[in-house]
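Data block below; observations after.
Protein chains: 2
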Amino acid sequence: MAEEKNIQERIDWAVDVCRKRGLRRTKAMKQLLRVLIESQCPLTLADLCGAKALSDHCDKATVFRLLGRLQAKGVIRRLGLHERAAYYTFAYPGEHFDYLVCTDCGKIETLKMDCPVKVLEKDLMKRTGFSGLYHELEFFGSCPQCVG
Amino acid sequence: MAEEKNIQERIDWAVDVCRKRGLRRTKAMKQLLRVLIESQCPLTLADLCGAKALSDHCDKATVFRLLGRLQAKGVIRRLGLHERAAYYTFAYPGEHFDYLVCTDCGKIETLKMDCPVKVLEKDLMKRTGFSGLYHELEFFGSCPQCVG
DNA sequence: GTACCTGCAAAACCTTTGCAGCATC
DNA sequence: GATGCTGCAAAGGTTTTGCAGGTAC
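So the protein sequences, as listed, match chains A and B.
So the first sequence is residues 1 to 148, counted in the working numbering.
So the second sequence is residues 1001 to 1148, counted in the working numbering.
Structure below.
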């Protein structure tokens, strides 16, 4: 999807946000962000630690704590995706994705479509009194290869 | 919500489906179904084992395996809900719920509204070739009490 | 009587934390 | 130089499995 220029732009944005919010600009942070941004799909902690770019340089505990910090600063998002392990994805302002998951092989597709429930959030906030609403929407089923 | 008659009807339906699909009609099965149906919210394995009706009679491993079987037979549904532990809910034909979760206190509300993405599923199946699609939709935010 | 289900116990898995040393600011 | 970050190691919590005995059919 994004070419190098685009990727670098996103890394810079994220690092900048983190710096302004009190985090230090470490090598681990930059590499974690790059791996997450280059991947089109959400990744688990194990996926991230398996990535050569990270495993060469960071311990799993470091990645774990980094994920927590980045999430707190709002530059990444944590997803359930119905799995035992948590998934993480990059969160660029104004971008939101829904997902299509194969329950047989586990493949995850990022849906590039207009999100159908965005408009509901405002309505729900009024009706329920909840604040800061966001949502997670996933579709599950069997992909063509698995049914094939 | 449902009164005793309604509850019993649902238990009977579920037990019947399970019997027809090869499971045995055990006491544990009936009690697990009752607890799940009486609860308006999704429950975790730990919640279920904590319930007096179950803890008196079943081991956690039994409940775990039972949940797997019931899910395979289609009478209950497994949810992610963004938590570490999996949640389970009763799945009556034609019923589908979305959820509103407080990220501070963990309270889960079942949303009784027309599901806004049902119509999308058919469209997605055509476009992606996936089959047997279903979805999970959750809204997260801070409930009035937690913000209060 | 046979096949499935249960209970107990232990293993597996992912997440989370403590602490001493190192890097960033 | 102070504070936050990292690595290693170990603990925590949930899920999953093995096996012997019990239960539904």
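We put the CB at the ideal spot given by N, CA and C, even for glycine.
What you are looking at is a predicted structure, and each value in this text was computed from that prediction instead of being measured.
- With fewer than 16 other beta carbons inside 10 angstroms of its own, A:GLN8 counts as exposed.
- Checking the DSSP bridge columns, you'll see A:CYS105 has no partner listed.
- Using a Cβ distance threshold of 9 Å, A:ARG78 and B:HIS1135 do not count as a contacting pair.
- For A:TYR134, the closest Cβ of chain B is nearer than 9 Å.
- Approximately 6 Å separates the beta-carbon atoms of B:LEU1032 and B:VAL1063; this is inside 8 Å, confirming the contact.
- Near chain A, meaning a CB-to-CB distance below 9 Å, no residue of the stretch 1033–1056 of chain B qualifies.
- In the DSSP assignment, B:GLU1038 falls within the unbroken alpha helix (DSSP H) covering 1027–1038.
- At a Cβ-Cβ threshold of 9 Å, A:ALA86 and A:LEU111 do not count as neighbours.
- The C-beta distance from B:LYS1073 to B:VAL1117 rounds to 25 Å, too long to fall under 8 Å, and the pair is not in contact.
- B:ILE1037 and A:LYS27 have their C-alpha atoms some 51 Å from each other.
- At a cut-off of 9 Å between beta-carbon atoms, B:THR1089 makes no contact with chain A.
- Beyond the five residues adjoining it in sequence on each side, A:LEU100 comes within less than 6 Å, by CB distance, of GLU109, LEU111, PHE139 in the same chain, given in chain order.
- The beta carbon of A:MET125 sits closer than 9 Å to some beta carbon of chain B.
- Annotation: B:THR1062 has no Cβ neighbours in chain A at a cutoff of 7 Å; minimum Cβ distance is about 20 Å.
- Counted as a single uninterrupted DSSP element, the alpha helix (DSSP H) harbouring B:GLU1121 occupies residues 1118–1128.
- If you ignore the 5 residues before and after B:ARG1069, its C-beta comes within less than 7 Å of the C-beta of LEU1023, all in its own chain and listed in chain order.
- Taking CB atoms only, B:GLU1121 has a neighbour in chain A less than 9 Å away.
- Among the residues of chain A, those whose CB is under 7 Å from the CB of B:GLU1138 are HIS135, GLU136, following chain order.
- When secondary structure is reduced to three states using DSSP, B:PHE1097 falls in the coil class, being assigned neither helix nor strand.
- DSSP places B:LEU1081 in the coil class of the three-state scheme, outside both helix and strand.
- Here DSSP, grouped into helix, strand and coil, assigns B:GLY1068 to helix.
- Think of a sphere of 7 Å around the beta carbon of B:GLY1080: the chain A residues whose beta carbon falls inside it are GLY80, LEU81, HIS82, in chain order.
- Chain B places no beta carbon closer than 9 Å to that of A:GLY22, leaving this residue out of the contacts.
- Annotation for A:VAL15: ARG25, MET29, LYS30, LEU33 place their beta carbon closer than 8 Å to its own, counting only its chain and skipping 5 residues before and after.
- Shortest Cα-Cα distance from A:CYS143 to any of B:ARG1127, B:ASP1098, B:GLN1145, B:GLN1040 involves B:ARG1127.
- For A:LEU48, DSSP records no beta bridge to any residue.
- Judged by beta-carbon spacing, B:LEU1133 lies within the 9 Å limit of A:GLY141, meaning their Cβ atoms are closer than that value.
- Where A:GLU9 is concerned, the enclosing alpha helix (DSSP H) starts and stops at 4–20.
- At a cut-off of 9 Å between C-beta atoms, A:CYS58 does not count as an interface residue with respect to chain B.
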